[in-house]
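> Residue numbers (our numbering): 63 to 101.
C-beta atoms are modelled at their ideal positions from N, C-alpha and C, and glycine is treated no differently.
Bear in mind the structure is a predicted one, so any value in this text is a computation, not a measurement.
First the structure, which I've put down as structure tokens, then a few questions once you've had a look.
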Amino acid sequence: MTIKLLAVDMDGTLLKSRNEMTPKVEKAIQRAIQKGIVV
Numbered sequence: 063m064t065i066k067l068l069a070v071d072m073d074g075t076l077l078k079s080r081n082e083m084t085p086k087v088e089k090a091i092q093r094a095i096q097k098g099i100v101v
């Protein structure tokens with residue numbers, strides 16, 4: 063199966079206290095985009 067779309071809810075799960083993504087989350091999203099996955 064090929065992943066074509068990644069939908070995420072930007073809440074306390076992915077964001078730090080100041081509504082910023084952690085570096086780990088940001089890197090994972092960038093890797094998905096580089097692989098052609100729509101985020």
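In terms of DSSP beta bridges, what is Leu67 paired with?
Val100
> If you drop the 5 nearest sequence neighbours on each side, which residues of the same chain put their C-beta closer than 7 Å to that of Leu76?
Val70, Met83, Val87
> What does a CB cutoff of less than 6 Å around Ile95 pick up in its chain, not counting 5 residues either side in sequence?
Val101
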